[in-house]
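**Student:**
Residue numbers (our numbering): 1 to 286.
Here you go:
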């Protein structure tokens, strides 16, 4: 009697991580509509309202939902203002580092040879340089601010894209449609734009989503050390630096911006993992 072959059951991945999407959506709304939805001016000082605890505390005030700092500035309004800085820096950094990394990765993977060797060595050298000393070096020669932070992030993170895109292109260049395009006389720039770029967009989207959280943490770290965003601009890292001296008497000064940083990074990672599992046919059936 012939035994019938049985196939292992296929378990589909779950639905979209709506909580993570909601967190990132809230951050984007804060960044885009901050001046219109913030209950107070981010830099409005009111010393008589200084150190007001969050509204759920017995001494809280309904005017300040998340409390105030040592100068009476509303914490919620400052978190909303800091979201604009974080999202702006993340957008510039992701676009620039992604563009540079993807271009170099495609060149290395498609041409190979000396181009691949040179770009691979550049990647190895860049990855061996710690990002914090690099930021300190640029802070010593350039005025600290958004431009300097974006520059350091681009120089640090372009290797993410270059390494992974190179690996994808090494596989793609052996496919039949690339060989047929070459036989048909299609130019290299056209092959890059019409055949390689569309096939790495899923990878780029996943990397960009994952990098969003990393950039927010990196920018917050630089601002906390005084190397990033400078007052009077508001940043989540700067709020942490301002509130660390009052941690024993006003826990909310560092807890609230800390939660914003943690939630943004965690949501970015969760969404990036889901996108990776969704776009990868091997992971889709796990």
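For glycine and all other residues, C-beta sits at the position ideal for the given N, C-alpha and C. The structure displayed is predicted, hence computed values, not measured ones.
1. In terms of residues, what are the limits of the alpha helix (DSSP H) holding residue 277?
2. What's the C-alpha gap between residue 195 and residue 144?
3. Please report the straight-line C-alpha distance between residue 77 and residue 38, rounded to a whole angstrom.
4. How far does the alpha helix (DSSP H) with residue 198 in it reach, from first residue to last?
5. Can you look up residue 118 in the DSSP assignment and give me helix, strand or coil?
6. Note the first and the last residue of the continuous alpha helix (DSSP H) segment covering residue 235.
7. Any idea if residue 210 is buried or exposed, counting beta-carbon neighbours within 10 angstroms, 16 or more meaning buried?
8. Verify the CB distance criterion: does residue 152 have a CB-CB separation below 8 Å to chain C?
9. For residue 74, which residues does DSSP report across the bridge?
10. According to DSSP, is residue 61 helix, strand or coil?
11. Residue 224: buried (16+ other C-beta within 10 angstroms of its C-beta) or exposed?
12. Please classify residue 44: does DSSP put it in a helix, a strand, or coil?
13. When the distance is taken between beta carbons, is residue 267 closer than 8 Å to residue 20?
14. DSSP state of residue 160, grouped into three classes?
15. Going by DSSP in three states, residue 132 sits in which element: helix, strand or coil?
16. Per DSSP, what kind of secondary structure is residue 56 in: helix, strand or coil?
17. Could you check where the alpha helix (DSSP H) with residue 21 kicks off and where it finishes?
18. When you compare each of 148, 51 and 130 to residue 138 by their alpha carbons, which one comes out closest?
19. For residue 278 and residue 141, what's the separation of their Cα atoms in angstroms?
20. Is it a yes or a no for the region 28-48 touching the region 68-86, going by three-plus beta-carbon pairs under 8 Å?
21. With DSSP as the reference, label residue 187 as helix, strand or coil.
22. Count the other C-beta atoms from every protein chain shown that fall within 10 angstroms of the C-beta of residue 52, then say buried if there are 16 or more, exposed otherwise.
23. Output needed for residue 206: all residues of its chain with C-beta closer than 8 Å, excluding positions within five of it in sequence on either side, in chain order.
24. Quick one: residues in its chain with C-beta nearer than 8 Å to the C-beta of residue 43, no 5 flanking neighbours on either side, listed in chain order?
25. Quick check on residue 48: buried or exposed, where buried means 16 or more other Cβ atoms within 10 Å of its Cβ?
26. Looking at C-beta atoms only, is the number of pairs between the region 241-261 and the region 89-107 that lie closer than 8 Å three or more?
27. Given residue 54, which residues of its chain have a CB within under 6 Å of its CB, disregarding the five upstream and five downstream residues?
28. Under the three-state reduction of DSSP, which class applies to residue 146: helix, strand or coil?
29. Assuming residue 221 and residue 265 are in contact, meaning their beta carbons sit under 8 Å apart, how far apart are those beta carbons, in whole angstroms?
30. Count the C-beta pairs between the region 148-168 and the region 129-138 that are closer than 8 Å, then say yes if the count reaches three, no if not.
31. For a test of the three-state rule: what should DSSP assign to residue 244, helix, strand or coil?
**Tutor:** Reading it off the structure:
1. Walking along the chain shown from the start, residue 277 turns up at place 277. Its alpha helix (DSSP H) spans residues 252-279.
2. By 1-based counting over the chain shown, the position of residue 195 is 195. By 1-based counting over the chain shown, the position of residue 144 is 144. One C-alpha to the other measures close to 41 Å.
3. As a first step, residue 77 must be located in the chain shown, where it is residue number 77. As a first step, residue 38 must be located in the chain shown, where it is residue number 38. Their Cα atoms are separated by approximately 5 Å.
4. For this step, residue 198 is matched to residue 198 along the chain shown. Counting along the chain, the alpha helix (DSSP H) containing residue 198 begins and ends at 197-224.
5. Taking the first residue of the chain shown as position 1, residue 118 is located at position 118. Note: residue 118 maps to helix in three-state DSSP.
6. Position 235 of the chain shown, counted from the first residue, corresponds to residue 235. First-last for residue 235: undefined, no H or E at that position.
7. Here residue 210 refers to the residue found at position 210 of the chain shown. Answer is buried; the Cβ neighbour count reaches 16.
8. In the structure shown, chain C cannot be found, because there is only a single protein chain.
9. As a first step, residue 74 must be located in the chain shown, where it is residue number 74. 68, per the DSSP bridge assignment.
10. As a working note, residue 61 is residue 61 in the chain shown. Correct three-state label for residue 61: strand.
11. For the purposes of this step, residue 224 is identified with residue 224 of the chain shown, where counting begins at 1. Counting Cβ neighbours within 10 Å, residue 224 comes out buried, since at least 16 surround it.
12. Looking up residue 44 in the chain shown gives position 44. Residue 44 falls in the coil class under three-state DSSP.
13. For the purposes of this step, residue 20 is taken as the residue at position 20 of the chain shown. For the purposes of this step, residue 267 is taken as the residue at position 267 of the chain shown. Cβ atoms of residue 20 and residue 267: closer than 8 Å.
14. Locating residue 160 in the chain shown gives position 160, where the first residue counts as 1. Reduced to three states, the DSSP call for residue 160 is helix.
15. Here residue 132 corresponds to residue number 132 of the chain shown, with the count starting at 1. Here residue 132 sits in helix by DSSP.
16. For the purposes of this step, residue 56 is taken as residue 56 along the chain shown, with counting starting at 1. Reduced to three states, the DSSP call for residue 56 is coil.
17. If you number the chain shown from 1, residue 21 lands on position 21. Unbroken alpha helix (DSSP H) run through residue 21: 18-37.
18. Numbered from 1 along the chain shown, position 138 holds the residue referred to as residue 138. Checking every option, the nearest Cα to that of residue 138 belongs to 148.
19. Residue 278 sits at position 278 when you count from the first residue of the chain shown. Residue 141 sits at position 141 when you count from the first residue of the chain shown. For residue 278 and residue 141, the distance between alpha carbons rounds to 44 Å.
20. yes
21. The residue given as residue 187 occupies position 187 in the chain shown. In this structure, residue 187 counts as coil in the three-state DSSP scheme.
22. What you label residue 52 is simply residue 52 of the chain shown in a count that begins at 1. With 16 or more Cβ atoms within 10 Å of its Cβ, residue 52 is classed as buried.
23. Position 206 of the chain shown, counting from 1, holds the residue named residue 206. Around residue 206: 272, 275, 276 and 279.
24. For the purposes of this step, residue 43 is taken as the residue at position 43 of the chain shown. Answer for residue 43: 73, 232 and 234, listed in chain order.
25. The residue labelled residue 48 in the question sits at position 48 within the chain shown. So residue 48 counts as exposed.
26. no
27. For the purposes of this step, residue 54 is taken as residue 54 along the chain shown, with counting starting at 1. Once the five neighbours on either side are set aside, the close Cβ partners of residue 54 are 60, 66, 67 and 252.
28. As a position in the chain shown, residue 146 is number 146, starting the count at 1. The answer is helix: DSSP assigns residue 146 an H, G or I state.
29. Taking the chain shown and counting its residues from 1, one reaches residue 221 at position 221. Taking the chain shown and counting its residues from 1, one reaches residue 265 at position 265. No, residue 221 and residue 265 are not in contact; Cβ-Cβ is about 11 Å, not under 8 Å.
30. yes
31. Mapped onto the chain shown, residue 244 falls at position 244. Note: residue 244 maps to helix in three-state DSSP.
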